[in-house]
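Read the structure below first, then the notes.
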């Protein structure tokens, strides 16, 4: 039978494994962790230990479900009596408490149906710390210490010591395993996000202060504190450049290293509360920074995507000018300003006179290059605030804002024709450079000429353009609505 848990975002190849295979792998991993934890716990009650079984069991339940709880309990009962010195009844009770902690933590973190996503943002990290680092381990520690006292395994004067060791060992196991496994399963192995060269340069720059910190702390005979303060810059570096996977990996290595030094060098061991405080503070800070970095990069990427979409929505892909959609939006806005504030504006409709022969003789790629050159010349010739758009084919429209009257619009049209009208060199079909002269005709219309709508204004500009074409092309003509609505005479550019 296969199980699938889409709510936690784990990969399908993992969640769709058969139950018999999942049960075997989980039982083996959990059993080895229980055995290792019992062996470490026998070394000393005064030095902090780690119970990796709690983290492994919690990850297993979060990934595959609560059906693994009996598997964990059976494994614990099988392994614990054979290694521990406590009677079978005591071991069975401690195993029941350990598995109950895992079940309670999973239920509080993910909910009954495991539908709540485990995320190490501010709220998620706070919930994780409250549940997995305080409530559940603390409650389990009190139950375990009480059980040991009631069964006569430990004297009353060691009650707080046993509760402390249980609590911290469970906390260290969860901190070491859960963030690491969750980030690796959801985000993959650690990898650079952004510029690898920049990340390595920053890492190289951090080596000097890290070395100074290590040297100072080691000279004081404090190898654990040297580890903590020397690792902090590297932990933050991993959070920024490797994000969640880097932060969780560095946190696991820091936890294991600190506990190993405490066990192998008891004469230099840091008090257990000091060790726990440093690991939890540094670890939670690193996870929050990694999540914030991910959110920041996603926000920047989303903004860039939005800008690109807006560019596609408002720009003509060939020329880079505004497209018809953006043009009509700008014209409607100009019309509203005219109606509300009396801000005058004009429209120039421009059409290339000899564009079709360029396409016919030299190919469409040459025609496209002509359109791009014309568009660039228009763009550079307009004053700030005006808008140039490709209207369609070889037609362009210019929106002249704050244009007082038709004479001013006509003067702009004549100036643009002189600046745009230079010959254009393009590559022909055979790859040879050819010079073409397309020419241009312009029709001008001003809002003061009586147009009430955007379509009406463009129609006036189109009528003026028709008059310019009819008069011999390569001219500027203006719509004149005075009197009978006759067109003003066309103005030759003097070419």
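Numbering (the UniProt record's numbering), first residue to last: 1 to 495.
Quick reminder that beta carbons are idealized off the backbone N, C-alpha and C, glycines included.
Of the choices the options, whose alpha-carbon is the least far from that of residue i?
i, options, result
"residue 278", "159, 175, 16 and 456", "175"
"residue 444", "394, 470 and 408", "408"
"residue 236", "69, 293 and 35", "293"
"residue 54", "103, 17, 77 and 90", "103"
"residue 315", "426, 332, 379 and 384", "379"
"residue 77", "94, 63 and 61", "94"
"residue 469", "353, 395 and 308", "353"
"residue 255", "280, 239 and 233", "280"
"residue 258", "283, 245, 369 and 297", "283"
"residue 296", "217, 335, 319 and 240", "240"
"residue 496", "453, 395, 410 and 337", "Because the chain is modelled from 1 through 495, residue 496 falls outside the range shown and cannot be assessed."
"residue 339", "448, 52, 416 and 218", "448"
"residue 370", "332, 348, 434 and 311", "434"
"residue 273", "136, 419, 420 and 49", "49"
"residue 148", "229, 92 and 18", "92"
"residue 105", "113, 136 and 112", "136"
For residue i and residue j, what's the separation of their Cα atoms in angstroms?
i, j, result
"residue 247", "residue 72", "28 angstroms"
"residue 32", "residue 220", "37 angstroms"
"residue 422", "residue 473", "16 angstroms"
"residue 455", "residue 366", "32 angstroms"
"residue 412", "residue 304", "36 angstroms"
"residue 122", "residue 20", "37 angstroms"
"residue 344", "residue 401", "7 angstroms"
"residue 496", "residue 301", "Outside the shown range of the chain (1 to 495) lies residue 496, about which nothing can therefore be said."
"residue 25", "residue 35", "15 angstroms"
"residue 63", "residue 75", "18 angstroms"
"residue 451", "residue 243", "59 angstroms"
"residue 41", "residue 267", "18 angstroms"
"residue 437", "residue 330", "31 angstroms"
"residue 509", "residue 108", "Because the chain is modelled from 1 through 495, residue 509 falls outside the range shown and cannot be assessed."
"residue 191", "residue 446", "60 angstroms"
"residue 442", "residue 424", "19 angstroms"
"residue 27", "residue 317", "60 angstroms"
"residue 276", "residue 172", "8 angstroms"
"residue 476", "residue 195", "54 angstroms"
"residue 58", "residue 320", "55 angstroms"
"residue 342", "residue 480", "20 angstroms"
"residue 11", "residue 186", "7 angstroms"
"residue 81", "residue 263", "24 angstroms"
"residue 382", "residue 415", "10 angstroms"
"residue 29", "residue 177", "12 angstroms"
"residue 349", "residue 312", "23 angstroms"
"residue 152", "residue 217", "43 angstroms"
"residue 478", "residue 397", "14 angstroms"
"residue 52", "residue 299", "36 angstroms"
"residue 110", "residue 60", "13 angstroms"
"residue 150", "residue 230", "44 angstroms"
"residue 487", "residue 410", "Because the pLDDT of residue 487 is 49, which lies under 50, any placement of that residue in the model is unreliable, and the number read from its coordinates should be weighed accordingly. For residue 487 and residue 410, the distance between alpha carbons rounds to 13 angstroms."
Since residue i is in the alpha helix (DSSP H), which residue starts that stretch and which ends it?
i, result
"residue 388", "Careful: residue 388 lies outside any alpha helix (DSSP H), inside the beta strand (DSSP E) at 387 to 392."
"residue 204", "196 to 219"
"residue 335", "324 to 341"
"residue 222", "Looking at the DSSP string, residue 222 is not in any alpha helix (DSSP H), and its letter there is neither H nor E."
"residue 176", "159 to 187"
"residue 15", "12 to 15"
"residue 138", "136 to 150"
"residue 417", "406 to 420"
"residue 95", "88 to 110"
"residue 30", "19 to 41"
"residue 456", "454 to 470"
Could you check if residue i belongs to the surroundings of the ligand COA, using beta carbon to heavy atom distance under 8 angstroms?
i, result
"residue 40", "Ligands in the displayed structure: none, and consequently the ligand COA is not present."
Could you spell out where the beta strand (DSSP E) holding residue i opens and where it closes?
i, result
"residue 283", "Element bounds for residue 283: not the beta strand (DSSP E) but the alpha helix (DSSP H), 272 to 314."
"residue 351", "345 to 352"
"residue 475", "475 to 478"
"residue 395", "395 to 401"
"residue 445", "440 to 446"
"residue 425", "424 to 427"
"residue 119", "Counting along the chain, residue 119 falls outside any beta strand (DSSP E), and DSSP gives it neither H nor E."
"residue 435", "433 to 436"
| field | Contact the segment 447 to 463 vs the segment 424 to 435: 3+ CB pairs below 8 angstroms | value | no
| message | Quick test of the definition: if touching needs 3 or more C-beta pairs under 8 angstroms, does the segment 129 to 144 touch the segment 91 to 101? | response | yes
| said: Under 8 angstroms: do the segment 236 to 251 and the segment 278 to 295 share three or more Cβ pairs, one atom per stretch? | reply: yes
| request: Kindly confirm or deny that the segment 354 to 364 and the segment 375 to 385 touch, where touching means at least three C-beta pairs closer than 8 angstroms. | output: no
| task | Specify whether the segment 386 to 394 and the segment 319 to 337 touch according to this definition: at least 3 beta carbon pairs, one from each stretch, less than 8 angstroms apart. | result | yes
| message | Could you check whether the segment 193 to 206 touches the segment 115 to 133, counting it as contact only if at least three pairs of C-beta atoms, one from each stretch, sit closer than 8 angstroms? | response | no
| How about the segment 154 to 169 and the segment 178 to 194: do they share at least three Cβ pairs that are nearer than 8 angstroms? | no
| Which ranges would you report for the beta strand (DSSP E) in the segment 234 to 261 if only whole runs of at least 3 residues count? | none
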